[in-house]
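Okay, so here's the structure we're looking at.
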Amino acid sequence: MVSKSQIKLITSLQQKKFRQEHQLFIAEGVKVIQELLLSNFVLEHLFVTQELFSEVDTKQKTVITETELKKISCLSTPNNCLALFKIPIQKTTKSSGLIIALDDIRDPGNMGTIIRLCDWFGIEQIVCSEQTVDAYNPKVVQATMGSISRVSITYTNLSKYLSRQSIEIFGTFMDGKNVYKESLPKDGVLVLGNEANGISKDVEKLITSKLAIPRFGDLQKAESLNVATATAIFLSEFKRFS
Numbered sequence: 003m004v005s006k007s008q009i010k011l012i013t014s015l016q017q018k019k020f021r022q023e024h025q026l027f028i029a030e031g032v033k034v035i036q037e038l039l040l041s042n043f044v045l046e047h048l049f050v051t052q053e054l055f056s057e058v059d060t061k062q063k064t065v066i067t068e069t070e071l072k073k074i075s076c077l078s079t080p081n082n083c084l085a086l087f088k089i090p091i092q093k094t095t096k097s098s099g100l101i102i103a104l105d106d107i108r109d110p111g112n113m114g115t116i117i118r119l120c121d122w123f124g125i126e127q128i129v130c131s132e133q134t135v136d137a138y139n140p141k142v143v144q145a146t147m148g149s150i151s152r153v154s155i156t157y158t159n160l161s162k163y164l165s166r167q168s169i170e171i172f173g174t175f176m177d178g179k180n181v182y183k184e185s186l187p188k189d190g191v192l193v194l195g196n197e198a199n200g201i202s203k204d205v206e207k208l209i210t211s212k213l214a215i216p217r218f219g220d221l222q223k224a225e226s227l228n229v230a231t232a233t234a235i236f237l238s239e240f241k242r243f244s
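Residue numbers for the sequence shown follow our numbering, so the first one is 3 and each next one is one higher.
If you want it as structure tokens, here you go:
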């Protein structure tokens, strides 16, 4: 059985301010929870509607009804399990390898997909502007399918962070150099901008190389690519040279 105080806590975690206050986030679904249990993330509590995750101590697991799960779930169609995990302490960023920098990414689905792409392409670090959507938003966590446990994510003043870098800083623009014709380094920062407005002016000043994905269609009418789609293409090109 889930108590009223637990329901209040869990539903409050759908908001960023309460996630920060309690330093907890929600994960739902067997796949996502299993990935997090196998990682360094610390489980706070697990709620299940059937016998799952036998490896979890019974003191940290509560069997609830489907009706109770609906009360605490963030999903329109709840799965059969929901877990609370502690938000990890931000790690110190390194200045080696390819680092992804997100400048005001707002859509949770895009954020989650970018995290998953970084996991796929072996990118260990994502540095986010303070305005970028919270990585521990339930929709972001869901979209990562567990990849959030394998990618280090840091929030900071992006302009200050970039100004301290000694490695090359790449930015994604419509009028940049053709990414397919560039020789790309192993170390660098790749900045991806807001879905509607692109990279902010303050950040643009710090970029040393502008890159673009050329349009190949005969009509050349497509305005832009979805930021997550663009991320996949850029990461594929960078990794082709590593």
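All C-beta atoms, glycine included, are put in the ideal place defined by N, C-alpha and C.
Own chain partners of residue i with C-beta closer than 7 Å, once the 5 adjacent residues on each side are dropped
| i | result |
| --- | --- |
| GLU37 | GLY148 and SER151 |
| THR13 | ILE74 |
| GLN52 | ASN82 |
| ALA29 | ILE35, LEU38, ALA85, PHE87 and VAL143 |
| ASN180 | ALA214 and PRO216 |
| GLY219 | none |
CB of residue i within 9 Å of CB of residue j, strictly
| i | j | result |
| --- | --- | --- |
| SER131 | ALA85 | no |
| ARG21 | TYR157 | no |
| MET3 | ILE74 | no |
| ILE269 | VAL153 | No statement about residue 269 is possible, as the shown extent of the chain runs from 3 to 244 and does not include it. |
| GLY99 | GLN127 | yes |
| SER238 | VAL205 | no |
| ALA232 | ILE209 | no |
| THR146 | ASP121 | yes |
| GLN16 | CYS76 | yes |
| SER97 | ILE201 | no |
Residue i burial status per 10 Å Cβ neighbour count (16 or more: buried)
| i | result |
| --- | --- |
| ARG118 | buried |
| THR60 | exposed |
| GLY195 | buried |
| VAL32 | exposed |
| GLU23 | exposed |
| ILE155 | buried |
| LEU26 | buried |
| ALA230 | buried |
| GLU70 | buried |
| ASN112 | buried |
Helix, strand or coil at residue i according to DSSP, with G and I counted as helix
| i | result |
| --- | --- |
| THR69 | helix |
| LEU39 | helix |
| MET113 | helix |
| SER244 | coil |
| VAL34 | helix |
| ILE9 | helix |
| SER56 | coil |
| GLU46 | strand |
| ASP106 | coil |
| CYS76 | coil |
| THR193 | It should be pointed out that residue 193 corresponds to Val in this sequence rather than to Thr. Three-state DSSP puts VAL193 in a strand. |
| ASP136 | coil |
| THR233 | helix |
| THR146 | helix |
| SER202 | coil |
Beta-carbon contacts of residue i that lie in its chain and below 8 Å, excluding the five residues immediately before and after
| i | result |
| --- | --- |
| GLN62 | LEU45, GLU46, HIS47 and LEU48 |
| TYR163 | THR95, ALA103 and VAL129 |
Nonlocal neighbours in the same chain, by C-beta distance under 6 Å from residue i, ignoring five residues either side
| i | result |
| --- | --- |
| GLN133 | ASP106 |
| LYS212 | GLY173, PHE175 and GLY178 |
| LYS203 | none |
| PHE243 | LEU186 |
| LYS241 | PHE123 |
beta-carbon residue i near the ligand FAD non-hydrogen atom, thresh 8 Å
| i | result |
| --- | --- |
| LYS88 | In the structure on display, the ligand FAD does not appear, and there are no ligands present to speak of. |
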